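Taken in order, these protein sequences are the chains called A, B, C and D.
Residue numbers are given in this note's numbering: position 247 of the first sequence equals residue 299, and the series is strictly consecutive.
Residue numbers are given in this note's numbering: position 101 of the second sequence equals residue 153, and the series is strictly consecutive.
Residue numbers are given in this note's numbering: position 38 of the third sequence equals residue 90, and the series is strictly consecutive.
Residue numbers are given in this note's numbering: position 284 of the fourth sequence equals residue 336, and the series is strictly consecutive.
Virtual Cβ for every residue (Gly too), placed ideally from N, Cα, C.
Predicted, not measured: the structure shown is a model, and the values here were computed from it.
There are 4 protein chains.
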Amino acid sequence: MRVGVLTGGGDCPGLNAVMRAVVRKGVQRYDYDFVGFRDGWRGPLEGDTTQLDIPAVRGTLPRGGTILGSSRTNPFKEENGVSRIQENLVKHDVDALIAIGGEDTLGVAARLTDEFGVRCIGVPKTIDNDLSATDYTFGFDTAVNVATDAIDRLHTTAESHMRVLVVEVMGRHAGWIALHSGLAGGANCILIPERRFDVDEVCRYVESRFKASYAPIVVVAEGAMPKDGEMVLKDDSHDSFGHVRLSGVGEWLAKEIEKRTGKEARTTVLGHIQRGGTPTPFDRWLATRFGLHAIDAVRDQDWGKMVALQGTKIVRVPISEATSKLKTVDPEMYEEAEVFFG
Amino acid sequence: MRVGVLTGGGDCPGLNAVMRAVVRKGVQRYDYDFVGFRDGWRGPLEGDTTQLDIPAVRGTLPRGGTILGSSRTNPFKEENGVSRIQENLVKHDVDALIAIGGEDTLGVAARLTDEFGVRCIGVPKTIDNDLSATDYTFGFDTAVNVATDAIDRLHTTAESHMRVLVVEVMGRHAGWIALHSGLAGGANCILIPERRFDVDEVCRYVESRFKASYAPIVVVAEGAMPKDGEMVLKDDSHDSFGHVRLSGVGEWLAKEIEKRTGKEARTTVLGHIQRGGTPTPFDRWLATRFGLHAIDAVRDQDWGKMVALQGTKIVRVPISEATSKLKTVDPEMYEEAEVFFG
Amino acid sequence: MRVGVLTGGGDCPGLNAVMRAVVRKGVQRYDYDFVGFRDGWRGPLEGDTTQLDIPAVRGTLPRGGTILGSSRTNPFKEENGVSRIQENLVKHDVDALIAIGGEDTLGVAARLTDEFGVRCIGVPKTIDNDLSATDYTFGFDTAVNVATDAIDRLHTTAESHMRVLVVEVMGRHAGWIALHSGLAGGANCILIPERRFDVDEVCRYVESRFKASYAPIVVVAEGAMPKDGEMVLKDDSHDSFGHVRLSGVGEWLAKEIEKRTGKEARTTVLGHIQRGGTPTPFDRWLATRFGLHAIDAVRDQDWGKMVALQGTKIVRVPISEATSKLKTVDPEMYEEAEVFFG
Amino acid sequence: MRVGVLTGGGDCPGLNAVMRAVVRKGVQRYDYDFVGFRDGWRGPLEGDTTQLDIPAVRGTLPRGGTILGSSRTNPFKEENGVSRIQENLVKHDVDALIAIGGEDTLGVAARLTDEFGVRCIGVPKTIDNDLSATDYTFGFDTAVNVATDAIDRLHTTAESHMRVLVVEVMGRHAGWIALHSGLAGGANCILIPERRFDVDEVCRYVESRFKASYAPIVVVAEGAMPKDGEMVLKDDSHDSFGHVRLSGVGEWLAKEIEKRTGKEARTTVLGHIQRGGTPTPFDRWLATRFGLHAIDAVRDQDWGKMVALQGTKIVRVPISEATSKLKTVDPEMYEEAEVFFG
């Protein structure tokens with residue numbers, strides 16, 4: 053058996069740990085061969101490969117990023133994309149593909165398996181934790197750690213200067229990072245894309261916080277939107293990739309708070325540092341276990357399946373089940389957090 | 053409603069976060085009063101109380117340890133222990149007790165509720181993650197982070213000096229910390245109390261590792277034991293509390309490895325630093341949610357119950373269910389990890 | 053002897069450590085009394101005081117921020133500012149003042165001592181490390197650590213996505229944080245206020261880096277300026293406090309790089325997290341020693357002096373010497389770093 | 053010019069950063085060639101070399117340990133050691149040697165240059181910071197960070213359980229790590245090799261600390277000795293390498309404190325984790341600058357010299373000057389710290 057591996061979408065701490073586990077178990081237990089495809093679906097599309105064996109993955113467990121590179125190439129948007137992939141798999145003697153990626157990358161894998169019989173196994177990957185069917189994705193815990201560390205640091209400035217601090221964290225469509233880091237960091241208000249916010253209510257939290265204690269910290273997901281749609285972002289605030297929008301909601305909100313409360317407000321946009329660096333032990337553990345179970349799924353020829361975490365168990369679910377619906381923040385969990393607002 | 057709170061057993065990052073959540077939600081949502089009992093069950097036994105209100109818990113979210121102090125006092129081993137507790141609860145107008153602790157502390161709470169009608173709610177606490185009925189306990193992720201950070205650091209010495217490094221981590225009866233940190237840290241062998249180890253097999257891993265790459269790192273839980281019982285520990289290696297045994301299994305194993313392989317071996321015993329410091333974001337999140345659900349259990353008068361994590365949900369289970377059986381490492385998980393041995 | 057203490061200007065990790073050392077040594081060795089003035093020079097100006105004794109400073113060594121609060125109030129810009137301060141010192145029986153602050157705060161102390169006979173001792177404080185007469189100021193090492201950690205994290209994204217990453221760090225007038233964190237983080241180009249940069253040269257570094265290895269990281273101090281003055285910042289990019297300018301040079305530079313090289317470029321603005329959180333051990337050590345020597349200067353009645361680090365010694369220099377001239381980056385040190393550009 | 057490089061003695065974070073700087077500047081500015089010698093002086097002695105060029109050092113800035121390996125081989129203790137080295141240098145066309153190491157490694161370099169005309173430049177390296185002529189050595193700041201982080205963590209256990217915690221840190225002959233980490237971590241007593249300690253005095257500090265606040269933390273350097281020489285260590289406590297002595301002074305002291313005060317006491321021995329992991333930004337900066345200046349010394353043919361830090365300047369001193377006398381803790385600095393004892 054010769055297995056191709058690719059990583060697609062935004063980079064995410066733990067990608068290398070998945071591949072290391074796949075290769076270690078595949079080689080040592082099942083005597084498989086591996087080939088790495090470069091830059092997500094661009095690799096099989098263009099036949100761009102790289103060596104992937106035990107020496108190649110040695111020492112990669114603690115390394116963020118991906119040794120295979122990544123891209124957002126979608127073969128269904130390329131001319132003859134599917135047939136070119138099929139030809140390249142034949143050409144490189146590849147019997148099966150492990151695709152590690154988010155909604156888009158896995159969506160391609162699901163269609164390739166279901167519609168064209170390409171033998172794919174999926175491994176879910178998203179910083180944002182917004183894939184269905186799995187309790188968590190690796191990279192999320194690392195992002196929450198980076199964001200919480202930043203919030204911890206901002207408390208001292210908030211204490212010393214009596215100003216409002218707005219922290220913009222990742223999360224275009226789901227507020228998991230905002231919710232977890234905001235709760236862990238002791239934020240006084242958490243704003244998420246799932247629930248349009250009322251600027252006046254935010255200002256009330258800000259003012260009540262100033263009365264009770266020291267200055268407030270507001271955590272806002274980059275995709276959060278005000279209730280009445282009055283937010284006017286700068287033209288250049290939208291980028292195709294979507295992870296640094298310097299003139300985004302955080303900056304806008306800080307200005308609104310200043311205007312409405314008269315308090316000084318400052319914004320910090322954490323940006324890419326949330327997806328970089330060494331994965332936390334939790335993410336290394338999850339990524340490693342995903343890898344071990346993905347190669348077992350190959351052995352079981354369980355094509356079209358994706359590994360997922362449910363409780364402390366790794367299970368398999370149809371890829372399509374995981375990608376058909378975004379996993380947004382549970383309203384009950386958000387309400388739990390509201391006790392700390394203000 | 054006036055609610056007493058106590059923390060028992062070894063300290064654990066996240067204890068303060070639980071209490072902060074209990075008090076914030078109890079005061080703001082349910083208009084309850086609180087009183088803190090000092091040093092675990094010694095507090096209600098001797099009527100030793102302290103103020104526990106919103107100012108008392110402010111700023112404690114990131115602080116390790118417990119503002120209430122802790123002890124291993126067991127009222128069932130004290131003369132008239134139960135009746136003294138009952139009298140003190142009456143004397144301080146306490147309607148319900150939230151007991152945050154491990155097997156022993158919760159065992160007392162279960163008996164007090166079941167046999168004597170004392171209205172108790174339990175919150176599980178153990179660094180070792182060995183309580184049944186909950187996927188994880190707070191403090192465990194922090195301990196795994198400290199241990200993994202130490203293993204990460206030791207890799208550089210292992211690389212540069214070609215010597216065997218043995219890391220002894222916490223875990224008297226269960227190997228969870230060893231398993232998680234060993235896997236996350238890329239250890240070449242992990243030894244746990246649940247499975248007696250064969251020193252010769254460990255030496256084979258050590259030697260195969262030297263051949264394949266650089267020097268090996270062996271992670272051993274403090275409670276791990278060799279197969280044939282030949283381990284002779286120093287007399288003073290057993291202490292009543294059980295967390296620093298400088299002459300324990302790690303040191304013994306390093307000497308055996310030196311003797312049998314001729315390679316130099318060194319031991320690091322992490323000890324108390326695994327249970328200290330600020331809780332990780334995961335532990336703050338879990339501890340906070342445990343606190344929020346514990347006070348809901350008080351409101352629901354669901355006495356004798358304990359909050360627990362199952363998947364991403366907080367549920368309630370009978371305290372006795374959680375304490376009747378130790379949650380040891382699942383043999384399948386251990387076998388997963390063995391692919392990385394050697 | 054009764055000694056007043058105040059902290060002025062932006063907050064800085066280590067302020068509390070200075071005060072703890074001042075109070076511990078002052079009380080235990082010299083039997084002095086202390087009083088804290090709130091919010092920098094606003095405190096003595098308005099007679100706003102707070103208790104400052106051993107219990108008040110207990111546990112503050114690892115805490116960032118300042119328990120006294122801070123402000124940028126300048127008594128020389130207030131009506132009868134000096135005489136109001138003199139009256140309040142008499143009113144509160146204050147024999148001497150220890151002023152902990154940067155250029156502005158210390159400048160006031162120098163004038164009060166030299167022109168009005170107020171008995172002041174200075175302790176230098178600046179994140180930016182730009183005060184003369186001292187090798188380092190506390191807070192700087194912490195800021196460099198935060199910035200370097202961020203750069204370390206960005207390397208993984210740079211590796212995986214082949215895009216230019218621009219990191220904007222603190223430093224309006226001096227590039228010390230940029231230089232130290234850029235060198236420690238392995239940046240491919242470092243831009244500082246002391247030397248106007250040539251965008252085309254930056255683009256050449258960017259392109260040569262892409263050829264040699266993976267994607268480049270550019271570290272730019274917030275006060276760095278292009279050679280030909282063509283930078284047009286957004287109107288709102290200037291704030292009175294000066295530490296978060298979301299539309300500053302980093303964002304501008306990323307756009308220029310994209311325009312001129314055709315490579316995707318992203319910006320991260322670290323902002324306030326550089327001045328928050330627990331001080332590094334170096335900063336705690338320096339701040340503690342500054343405090344110990346400041347109270348010795350009070351005992352020696354060495355008014356108008358400031359403590360300073362020279363090598364490993366703490367010395368005293370006239371405050372005015374330290375504040376008369378900004379300590380900018382030594383051109384030789386910058387040239388040393390250039391070997392790593394590109 | 054062809055330059056050989058070697059690293060000797062215990063590993064130390066920053067070794068790779070030195071070599072990276074040496075090679076980057078040597079290749080790019082001076083067009084030199086390099087060759088790495090493996091495992092300290094064993095490399096030139098046995099002619100064991102490895103490639104050392106820009107690709108070899110890429111990515112090594114943040115990596116602890118040494119890519120060249122290390123040993124404690126001393127050519128003056130080997131038969132015909134010097135002539136074998138001279139032959140191997142000729143054989144590999146090596147014009148000059150950069151020796152990175154501590155007292156022993158540099159001592160060999162000094163003798164080879166002074167007595168045998170071998171062209172050596174030295175770079176000082178010691179975790180312990182005990183080399184003369186330089187304010188600091190790289191690796192020291194990292195060790196102090198690891199030790200301080202451990203002490204910070206232990207405070208929470210000390211608070212919660214009212215027990216004495218003894219932390220044994222590195223430092224066989226000099227107490228710099230103990231002094232810096234003890235001061236930065238808020239220890240209540242610091243014991244160093246330079247000054248024999250009085251156990252009864254330590255017990256007095258312990259008891260006064262219990263009265264004033266919570267439980268005491270005692271930091272003890274591994275080489276500290278009691279006044280009256282009554283310390284009986286276990287036979288196996290002495291190892292040839294000297295960095296893990298599990299039955300050393302820390303454990304002994306904890307037992308004495310228990311015996312004399314009746315308080316429970318626990319020991320943590322940090323061991324090798326102090327010398328592992330990524331170097332701090334300060335150490336990367338210092339190591340990088342040492343490397344840049346070492347290659348300049350080669351260019352200047354300034355043989356027999358060692359680079360050193362004095363204030364913020366890198367200077368050159370005769371190697372023999374640095375190695376002739378151990379730099380022990382300045383008694384004045386120790387007395388400064390005593391204000392925090394008890």
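For C/Ile325, the chain A residues whose Cβ falls inside 7 Å of its Cβ are Ala202, Arg205, Leu206, Thr320, in order along the chain. For A/Ser212, the closest Cβ of chain C is nearer than 8 Å. Beta-bridge pairing by DSSP links C/Arg368 to C/Val359. Setting aside the 5 residues that flank it on each side, D/Leu322 is surrounded in the same chain by Val198, Ala199, Ala202, Val219, Glu220, Val221, Met222, each with a C-beta closer than 8 Å to its C-beta; the list follows chain order. One alpha carbon belongs to D/Lys307, the other to A/Ile150, and they sit about 57 Å apart. Take the alpha-carbon of B/Thr375 and the one of B/Gly56: they are about 21 Å apart.
Taking a C-beta distance under 8 Å as the contact criterion, A/Asp182 and A/His225 qualify as a contact pair. Under the Cβ distance rule, A/Pro245 does not count among the residues neighbouring chain B, no pair being separated by less than 8 Å. Note that the C-beta distance between D/Arg90 and B/Ile325 is not below 8 Å. In chain order, Pro278, Glu308 place their CB closer than 6 Å to the CB of C/Val251, counting only its own chain and leaving out the 5 sequence neighbours on each side. Taking all protein chains shown into account, A/Glu167 has fewer than 16 neighbouring C-beta atoms within 10 Å of its C-beta and is therefore exposed.
Per DSSP, the unbroken beta strand (DSSP E) holding C/Thr101 starts and ends at 101–103. Straight-line spacing of the CA atoms in C/Ala69 and D/Pro331 works out to 24 Å. Bridge partners of D/Asp85 according to DSSP: D/Arg54. By the Cβ-count criterion, D/Ala185 is buried, with 16 or more other Cβ atoms from all chains shown falling within 10 Å of its own Cβ.
Annotated three-state conformation of C/Ala317 is strand, per DSSP. Bounds of the beta strand (DSSP E) holding D/Ile152 are 148–153. Among the CB atoms of chain C, none fall inside 8 Å of the CB of A/Ser233. At a Cβ-Cβ threshold of 8 Å, B/Asp335 and B/Phe128 do not count as neighbours.
Unbroken alpha helix (DSSP H) runs of no fewer than 4 residues, entirely contained in the stretch 187–272 of chain D, are found at 192–213, 228–237, 251–264, following chain order. Classified as buried, A/Ser122 has 16 or more neighbouring CB atoms from the shown chains inside 10 Å of its CB. In this structure D/Thr178 is not in contact with D/Cys172, their Cβ atoms being roughly 18 Å apart against a cut-off of 8 Å. Going by beta carbons, D/Ala161 and D/Gly174 fall inside the 8 Å limit. Look at A/Leu141 here: in three-state DSSP terms it is helix.
Here B/Thr59 is not near B/Leu158, since their CB atoms are 8 Å or more apart.
Here DSSP, grouped into helix, strand and coil, assigns D/Thr165 to helix. By the criterion of at least three beta-carbon pairs nearer than 8 Å, the stretch 351–361 of chain C is not in contact with the stretch 239–258 of chain C. The CB of B/Ser122 comes closer than 9 Å to the CB of Ser212, His213 in chain D, given here in chain order.
For A/Trp337, the nearest CB of chain B lies under 8 Å from its own CB, placing it at the interface with that chain.
With contacts defined as CB atoms closer than 8 Å, D/Pro333 and C/Val196 qualify as a contacting pair. Counting only the Cα atoms, B/Gly394 lies some 10 Å from B/Lys263. Here the alpha carbon of C/Gly133 sits roughly 58 Å from the alpha carbon of C/Ser212. Ranked by Cα distance from C/Ala276, the options C/Arg261, C/Glu303, C/Arg247 are led by C/Arg247. One thing to note: C/Arg124 has its Cβ within 8 Å of the Cβ of C/Gly92.
Bounds of the alpha helix (DSSP H) holding D/Gly343 are 333–351.
Straight-line measurement puts the Cα of D/Arg163 at about 56 Å from the Cα of A/Phe342.
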